[in-house]
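In our numbering, the protein residues as written are 2 to 903. Beta carbons are placed, not taken as given, at the ideal position from N, Cα and C, and that holds for glycine. These numbers were taken from a predicted model, which means no experiment stands behind them.
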Amino acid sequence: YVPVPIQATPDGPLDVKFVWVGDLDGNGEYDFVIDRQSAEGARQFLEAYKRDGTFLWRIDLGPNSYYKYNIEPGSSAISIGHGDNVTVYDMDGDGKAEVLLRTSNGVVFGNGAVASGGASNNVQFLSVLDGMTGAELARATAPNPRLSDGPMNGHMGILYLDGQRPSVVWAAKNRAADESFHGVITAWDWRNNSLTQRWSWVDGGGLHAPEGHQIRVADVDNDGKDEFIDIGYVLDDNGTQLFNIPEIVHGDRFHLTDIDPDRPGLENFIIQQNNGTGLATALYNAGTGAIIKKWYAGGVVDVGRGVAGDFDPAVKGCEFFSTQPGIFDCKGNQLNYANKPFPPEAIWWDGDLVREFVSTIGSSATSPGIDKFNTANGSSGRVFSLYSDANAPNSPYNNYIAHGGRPQFWGDILGDWREELLCVATDNSELRIYSARNADTAKTSNGAGFRIPTLMQNPQYRCQATTKGYVQASYVDYYLGTGMTPPPPSPMVDTDLVWRGGTGTTTWDNGVSSSWTANGANTTYSDGKAVRFDIGADATTPVVLSGTLSPKDLTVFSPKDQTIDGTLGSLVGTMKLVKSGKGSLTLSGSHAFTGTTTIWDGALILNGTLSSSPVTVWGGTYGGPAAAGLTGGRIGGTGTFSQAVTLGYRGAITPGAGMGNAGTLTLGNGLTAQDGSSLAFDLSNNPATSDRIAVSGNLSVSGKVGIVIKALNGSIPAGSYTLLTYTGALTGGASNFDVSVPPGTPYSLTVGSGSISLTVPVTRAPGAIVWRGSGAAWDLASSQNWLNGGSPDIFVAGDAVTFNATGAAATTATLTSALPVSGVTVNATNNYTLSGSGFISGTGGLTKSGTGTLTINTSNDYTGATTVNGGVLAVASLADGGTPSSIGAAGTGASNFVLNGG
């Protein structure tokens, strides 16, 4: 461990509950701001120390910190209940962190000045403090619409609400005499030595806003700007509610990251406390609030703890579990473990990619330790008992953390991506920074060490590390775990010049036009400079190149759609091109630069030529086959990539200007498509005007590569469609492709002899068919397991299907794909089972009659009514109206589920 000496306060060696980190002196190392906890009726303190233990300042929080009721403490009290009311961050970009503190009358700052001016002691302020001196630099009165109900207690955190500069948010509540809570969430900016309020959102009860005991910060809608996240609702960057989830209520924990790396976007795993519906835990889309999966208890329960992380290297993605039964994989499938540990918080402790646990030791869980998940049986085992460190003074029992298993801080503050844990010596003489000595064991596929940028350079992780509350682990905004691909770059890109653009500044030339800024000042471009296009750039007009330009690097990291017109100029030299952010970059003209081109998010649409740059496409958090070519890292256009193109995990090719616009994209030196990548095509009723990829050279595919088909004209007529051509050798084959077509479209895929082709056969018009019972497969236009007018036939989209005594020889139908029906009738005395990987789709409904049992094990999305007239309907799953389940995805109207008998 690394010791950081701390002093006794004027009132003695008081305990420390929380530590905040920030570079107070600007030397590139994290320094420490700590609270000092006191007994009821005594004052609290806030102190600052440099990394080496040099004492900087102490703030006396005054008489309004005496009262420490955990729900509504005194107006200047900090670190009480789930409230923190402090954070630390460099707010103005000068390289030195400020301290943001909620204050009130009587607070004595580091320079001896005393806060005053509040009309009553309930009035509270946001104070900006100099990190080196503790002197107050600015103050704003905190909104409190119900001041007579008392002061407010809550959470602070840092959000990049404009995508470029930090803002501080304070989310706080007070309590009325009837015990109802009333909250306000306020955002401020500290710019040019001026503190201004950006917005304030009042929880007036008109909008559902369920809360946890802490907040999260993330860009959940991928617009380049942070959102404020609570357990069941999100505030957008502009201070309006992005969404709420009606069924979710209060819960103690929620964990937000890329839990499922196969699914585009971020996910949120939450637990519930006394939800009247019996909802215990849920997994939902963090960007929209759409529920992915829910778990109910047998009654109303308090699920006290839950955690998410990659704990088992043999299981893809993050696992999650709670105090309820079961450990689940990233898709919500229960895993087969004999045991389950108590769910503590997670930490990246040692040198592998799985996460360990911050142990909860003892009845009050104030004794710190590190545990590791036991993949053999689902239990956990001790790695290190930090509470009794034989190598530290006063062993045993010589370190403590806060009540409930909450370290004073843990996070990546030494910069090797593994996380450090800060605890405090039991005699309050020093902070102790513990870090594992394990060698990195994570390796890439070629055996090299797995390199991960320091986690504090990831925007979501860094901002989450500024929050406290009940204190939860910080998470990155990508999947970090076993089987991960290289992490996407941070938007914190160190460059020489930043594009500003706009009217009158649309030209990128050498030394003439002041289209750029450097450290905020307008300037011109010169060769050899690293340049960036970001969220602050004006993208309303194209960037016009003039002459040959040779930047060191070109980074486009923006949610905006940017166009670079190369008609009159070109990019040359050894520059590298990096494209990230959800916006597209459209590039025309001929460009001969030789550095690599790497895409992480958004589309690079080439309508010209890249003659000398090899291209790698990663899909990032928002890509993959499930993104259907609409989000994530991808290339498109009608131009030519002359050098080798490699599609990494989640990366995609979408020829033309994107989905919905067909074109032919040419690759001049082969294509390598790796597992989890995808090729997305628009197909029209004229095969000659559909998307195509023309590859000169070899085609290599491995793992499972998605082929996503979209119909440009409503449906795909029968015919043969050439998707891709190649002139060299083929590695891989048809079994490496996973094809997604519009529901109800039969097809066959042919791979080889220089092309990949999709053939849609001619089929009959929809009719009425009866299950024949000659085989188990219910597939699309393939198996003749049906009778049509007494003759064997296939199923086609739109058929009305019947199961009766005729098919009793095969009572299990195995569904193989999306099967659109105009209706399903089951009228039999024998039992039937519907199972398989497919599902019933379409606008039709399902009617169950007869005395037999129909068991439905598939999750269907048909939208017609489900009617039971007789027998038993046994289902594997039920869901909210409008979402897939065994009884379809019809709405909540009473007519959509009718029990007439049975």
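- Taking 8 Å as the cut-off, the beta carbon of V752 is found closer than this to the beta carbon of A735.
- Looking at P345, G503, T549, S514, the one whose alpha-carbon comes closest to that of T541 is G503.
- For A440, no pairing in a beta bridge is given by DSSP.
- Secondary structure at N737: helix, using DSSP grouped into helix, strand and coil.
- Leaving aside the five residues that flank T884 on each side, the residues in its chain whose CB is nearer than 6 Å to its CB run, in chain order, A890.
- The residues W202, L208, A210, Y234, V235, L236, in chain order, have a CB closer than 8 Å to that of Q242 in the same chain once the five nearest residues on each side in sequence are set aside.
- Between R693 and L713, the C-beta spacing is not below 8 Å.
- Under the three-state reduction of DSSP, D150 is assigned to helix.
- Beta-bridge annotation (DSSP): F804 is paired with V827.
- Under the three-state reduction of DSSP, Q461 is assigned to helix.
- Collapsing the DSSP output to three states places T641 in a strand.
- When DSSP states are grouped into helix, strand and coil, N65 belongs to the helix group.
- Closest in alpha carbon position to G871, among I857, S878, V899, T844, is V899.
- Contact annotation: W191 and A139 have beta-carbon atoms nearer than 8 Å.
- If the five residues before and after R356 are omitted, its C-beta is found closer than 7 Å to the C-beta atoms of G310, D311, F312, A347, I348, W349, all from its own chain and listed in chain order.
- With a cutoff of 8 Å on beta-carbon distance, M493 and Q458 are scored as near each other.
- Separation of S491 and Y471 (C-alpha to C-alpha, rounded to the nearest whole angstrom) is 28 Å.
- Under the three-state reduction of DSSP, L387 is assigned to helix.
- In the DSSP annotation of this structure, the continuous segment of the beta strand (DSSP E) that includes F358 starts and ends at 357 to 359.
- A residue is called buried once 16 or more other Cβ atoms fall within 10 Å of its Cβ, and Q335, having fewer, is exposed.
- With distances taken between CA atoms, L162 lies nearest to D238 out of D238, H256, W21, Y67.
- The residue among S368, Q125, S516, G382 with its C-alpha nearest the C-alpha of Y398 is S368.
- No Cβ-Cβ contact shorter than 8 Å links P152 with N112.
- By the Cβ criterion, the region 591 to 607 is in contact with the region 630 to 641, since at least three pairs of Cβ atoms, one from each stretch, lie closer than 8 Å.
- With a 10 Å radius around the Cβ and a threshold of 16 neighbouring Cβ atoms, V425 comes out buried.
- Of all C-beta pairs linking the region 838 to 847 to the region 806 to 826, three or more are shorter than 8 Å, placing the two stretches in contact.
- Nearest in C-alpha terms to S783, of all of R651, V797, V771, is V797.
- Following the DSSP letters along the chain, one finds K849 inside the beta strand (DSSP E) bounded by residues 847 to 850.
- DSSP places P821 in the strand class (E or B) of the three-state scheme.
- Each residue's CA atom was taken as its position, placing I795 and E212 some 53 Å apart.
- As the crow flies, the alpha-carbon of G405 is around 55 Å from that of T746.
- Here DSSP, grouped into helix, strand and coil, assigns A689 to helix.
- If the five residues before and after Y338 are omitted, its C-beta is found closer than 7 Å to the C-beta atoms of I328, N378, G379, all from its own chain and listed in chain order.
- With a threshold of 16 other beta carbon atoms within 10 Å, V218 meets it and is buried.
- Burial of E431 is indicated by the presence of at least 16 other C-beta atoms within 10 angstroms of its C-beta.
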